[in-house]
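Input: a single structure, listed below in structure tokens.
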């Protein structure tokens with residue numbers, strides 16, 4: 005059953021995380037979409053990440069997951085990702101969507117559960 009959404013268009017966000025395997029990225033994507041915390045999740049990679057960790061510069065092959073969600077669902081999505089992720093400090097970055105088509109925003113509002 006698809007929830008209904010009759011309010012104004014939701015503030016859309018893209019939320020990015022990374023993980024160290026395709027299988028883990030797929031699981032994070034599917035879990036968030038199944039929980040209706042994101043309308044869509046896109047997995048891409050591998051990418052090379054270079055970062056500071058525990059006083060050293062590390063290089064790792066990772067997969068990115070970009071979630072399409074709403075501002076109202078962000079906290080629940082973040083909590084879900086932090087609980088499901090196996091990194092000690094996972095990357096969870098939210099970026100507001102400045103412009104989007106009305107039809108896309110309506111779809112997003114219908115597909116993401118709202119508290």
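Residue numbers (the numbering used here): 5 to 119. Heads up, the beta-carbon is just placed ideally off N, CA and C, and yes, glycines get one too. Computed from a predicted structure; not experimentally measured.
The three-state secondary structure of residue 98, taken from DSSP, is strand. With distances taken between CA atoms, residue 104 lies nearest to 73 out of 47, 20, 73, 36. Put simply, of 94, 22, 92 the residue whose alpha carbon is nearest the alpha carbon of residue 45 is 22. The region 8-93 contains, as complete alpha helix (DSSP H) runs of 4+ residues, the segments 26-38, 78-88 (chain order). Setting aside the 5 residues that flank it on each side, residue 90 is surrounded in the same chain by 23, 28, each with a C-beta closer than 8 Å to its C-beta; the list follows chain order.
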